[in-house]
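In the working numbering, the protein residues as written are 34 to 232.
Beta carbons: idealized from backbone N, C-alpha and C, even for Gly.
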Ligand code: MN3
């Protein structure tokens, strides 16, 4: 965790983070550890049927761990630069403007489409290594961008599972999404874009 649990206030309360990081994310990690051991045991005794069942659970809990780890690093406290929009001449800003016109229009698009995700999932800003363009995509449940395509490198994500906002925002997912831009770590997003282009 790159900051204290209360450091994202007033956008995300420490109380919510205690549950989201301390309970939900923790559960994915604990399940993943247990399941990898069970999988190894199933394979060792040649129980392929059980192994395949466990693989689905490994994918869900492993995705849950990876997505949350990536999400925490996508955020930063306001006093540590959270929400500070990238410079006009930065590569990231230019690429967002080429795709959506302005940062504000990109955020509005991201919020509108992420609001419409049915049930649980994640909204993503991705770099497409094939087209060399930025894309918005969404993943259901704990699917990761790797489940959509190997050319897609994640740059930014917001968790829209109900547990990500209910304690602070009740059922108001659109308000939660609007507020979250105040704690997006754009420096980190720029670093990820630079790294993705070198791959
Ligand atoms: Mn979550």
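Query: Consult DSSP for residue 85 and reduce its assignment to one of helix, strand or coil.; Result: helix
Query: If I follow the unbroken alpha helix (DSSP H) through residue 207, where does it start and stop?; Result: 206-213
Query: With a threshold of 6 Å, establish whether the CB of residue 192 neighbours any heavy atom of the ligand MN3.; Result: yes
Query: Let me check one thing: in DSSP terms, what residues is residue 156 bridge-paired to?; Result: 171 and 191
Query: Going by beta-carbon coordinates alone, are residue 131 and residue 186 separated by less than 7 Å?; Result: no
Query: Between residue 116 and residue 141, what straight-line distance do the alpha-carbon atoms span, to the nearest angstrom?; Result: 15 Å
Query: Pairs of beta-carbons, one from the region 161-172 and one from the region 194-205, closer than 8 Å: are there three or more?; Result: no
Query: Going by beta-carbon coordinates alone, are residue 80 and residue 175 separated by less than 7 Å?; Result: no
Query: Give the C-beta separation of residue 106 and residue 35 to the nearest angstrom, bearing in mind that I take them to be a contact with Cβ-Cβ under 8 Å.; Result: 6 Å
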